[in-house]
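Participant:
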Amino acid sequence: MFQVKKIAALQADRLNEAAGLLAQQPAFPIRCNNWSEQYPYSPQVAFNIAHNDKAIFIRFEVSENYTMARVQEDNGQVWTDSCVEFFLSPDDNGYYNFEFNCIGKALSGFRQTRENAEHANPETMQSIRRLSSLGNENFEEREGDNHWWLIVAIPATALFKHSFKNLSGIKVKANLYKCGDHLSKPHFLSWQPIDTPEPNFHVPQFFTELEFQ
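If you use the working numbering, the sequence shown corresponds to residues 68 to 280, in order.
(1) Measuring alpha carbon to alpha carbon, tell me which of E278, P266 and E210 ends up nearest K238.
(2) Which word fits M68, buried or exposed, when buried means at least 16 other C-beta atoms lie within 10 angstroms of its C-beta?
(3) Quick one: what does DSSP say E194 is sitting in, helix, strand or coil?
(4) Whose CA, out of E152, G247, V270 and W258, lies closest to the CA of R197?
(5) What's the C-alpha gap between E185 and E166?
(6) Could you check whether the stretch 167-183 touches the stretch 99-119, counting it as contact only if at least three pairs of C-beta atoms, one from each stretch, sit closer than 8 Å?
(7) Starting from L82, trace the beta strand (DSSP E) in both directions and tell me its first and last residue.
(8) Please state whether the Cβ-Cβ distance between E208 and Y133 is less than 8 Å.
(9) Short of 7 Å in beta carbon distance, which residues of its chain neighbour Q70, apart from the five on each side in sequence? Order them along the chain.
(10) Of the residues L243, W215, H229 and D120, which one's Cα is nearest the Cα of E128?
(11) Using three-state DSSP, classify V129 as helix, strand or coil.
(12) So, does the stretch 93-105 touch the stretch 136-148, judging by three or more C-beta pairs under 8 Å?
(13) What does L155 pair with, by DSSP beta-bridge criteria?
(14) For my contact list, S149 and G247 are in at a C-beta cut-off of 8 Å; report their separation, rounded to the angstrom.
(15) Spell out a yes or no on whether the stretch 187-205 and the stretch 214-231 are touching, meaning 3 or more CB-CB pairs, one atom from each, closer than 8 Å.
(16) DSSP puts I221 in a beta bridge; with which residues?
(17) Going straight from the alpha carbon of H249 to that of N267, what length do you get?
(18) Round the Cβ separation of S130 and P110 to the nearest angstrom and send it over; I've been treating them as touching at under 8 Å.
(19) Quick check: the Cα distance between T191 and I74, rounded to an integer number of angstroms?
(20) Apart from the five residues on each side of it in sequence, which residues of its chain come closer than 7 Å, Cβ to Cβ, to L77?
(21) Identify the residues that DSSP records as bridge partners of P96: which are they?
(22) Can you give me the Cβ contacts of P93 inside the same chain, cut-off strictly under 8 Å, excluding the 5 residues immediately before and after it?
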């Protein structure tokens with residue numbers, strides 16, 4: 068079972084410092100290209116993850132040739148931009164999807180299926196803190212040797228269909244992703260492998276177990 072380390076020094080209102088702390092932790096690649104015949108391009112992606120009992124902190128680091136940030140609002144179609152994602156299932160009744168474009172615009176909801184979503188309300192979305200090395204201004208696709216990182220802090224309260232007050236000791240199932248549906252070279256990468264005919268991240272049967280220390 069994958070262990071999510073507790074780091075008490077992490078603070079959601081000091082994400083620059085949190086990014087430095089996470090960068091010192093082990094990095095795990097997001098490199099399963101499950102649909103390589105249709106989508107052969109694979110950027111270099113890795114993540115660090117930890118928690119402070121009240122929030123989950125994830126730092127994504129990306130090197131890619133095409134980067135775009137068109138989506139301007141939360142709960143928009145961020146997966147069409149350069150996007151990183153964290154899906155989490157506390158039990159068998161559904162799962163949460165947290166999706167972020169490269170400037171930190173977010174999409175979040177609770178789902179039982181891909182089509183059946185209850186999106187997080189504006190207050191919950193505001194509680195999810197984000198900081199990107201690219202800033203927060205929109206831009207059209209940039210081609211080149213692009214490198215960027217994004218850190219997010221997802222409070223336990225953002226799991227709004229559950230009543231988690233503390234994360235320590237909780238066991239969940241999860242997967243992490245990188246995509247970019249509308250980039251010049253679309254791609255769909257996962258941390259843990261997925262076996263479906265077409266790209267689909269909404270498949271909790273392929274999540275892996277995580278335990279918060």
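Glycine included, every Cβ here is placed at the ideal spot set by N, Cα and C.
Facilitator: Well, looking at it:
(1) Here residue 238 corresponds to residue number 171 of the sequence shown, with the count starting at 1. Looking at the Cα atoms, E278 is the closest of the given residues.
(2) As a working note, residue 68 is residue 1 in the sequence shown. M68 is exposed by the Cβ-count criterion.
(3) As a working note, residue 194 is residue 127 in the sequence shown. The identity of residue 194 in the sequence shown is Ser, whereas the question assumes Glu. Here S194 sits in helix by DSSP.
(4) As a first step, residue 197 is located in the sequence shown; it is residue number 130 there, counting from the start. Nearest option by C-alpha distance: E152.
(5) By one-based count along the sequence shown, residue 185 stands at place 118. By one-based count along the sequence shown, residue 166 stands at place 99. Taking the straight line from one Cα to the other gives about 14 Å.
(6) Not touching, per the Cβ criterion.
(7) In the sequence shown, the residue the question calls residue 82 occupies position 15. It is not in any beta strand (DSSP E) - L82 instead sits in the alpha helix (DSSP H) that spans L82 to A90.
(8) On the sequence shown, residue 208 is found 141 positions in, with the first residue counted as 1. On the sequence shown, residue 133 is found 66 positions in, with the first residue counted as 1. Yes, the pair counts as a contact, with Cβ atoms nearer than the cut-off.
(9) Residue numbering aside, residue 70 sits at position 3 when the sequence shown is read from its first letter. Only E278 and Q280 meet the Cβ criterion.
(10) Walking along the sequence shown from the start, residue 128 turns up at place 61. Measuring from the Cα of E128, the nearest candidate turns out to be W215.
(11) Indexing the sequence shown from 1 puts residue 129 at position 62. Strand, per DSSP.
(12) no
(13) Translated into positions along the sequence shown, residue 155 becomes position 88. In the DSSP output, where bridge partners are listed per residue, L155 has Y163 and A241.
(14) Here residue 149 refers to the residue found at position 82 of the sequence shown. Here residue 247 refers to the residue found at position 180 of the sequence shown. About 5 Å separates the beta carbons of S149 and G247, which is inside the 8 Å limit, making them a contact pair.
(15) yes
(16) Position 154 of the sequence shown, counted from the start, is the residue given in the question as residue 221. DSSP output for I221 lists I123 as bridge partner(s).
(17) To locate residue 249, count along the sequence shown from 1; it is residue 182. To locate residue 267, count along the sequence shown from 1; it is residue 200. Approximately 15 Å between the Cα atoms of the pair.
(18) Here residue 130 corresponds to residue number 63 of the sequence shown, with the count starting at 1. Here residue 110 corresponds to residue number 43 of the sequence shown, with the count starting at 1. About 6 Å separates the two Cβ atoms, so the contact holds.
(19) On the sequence shown, position 124 is the one that residue 191 refers to. On the sequence shown, position 7 is the one that residue 74 refers to. Whole-angstrom Cα-Cα distance: 23 Å.
(20) Here residue 77 corresponds to residue number 10 of the sequence shown, with the count starting at 1. The beta carbon of L77 sits closer than 7 Å to the beta carbons of A85, L88, A117, N119 and F124 from its chain, once the five residues preceding and following it are set aside; these are given in chain order.
(21) Stepping through the sequence shown from its first residue, residue 96 is reached at position 29. Its beta-bridge partners are A113.
(22) If you number the sequence shown from 1, residue 93 lands on position 26. For P93, where only same-chain residues beyond five positions count, the Cβ hits under 8 Å are N115.
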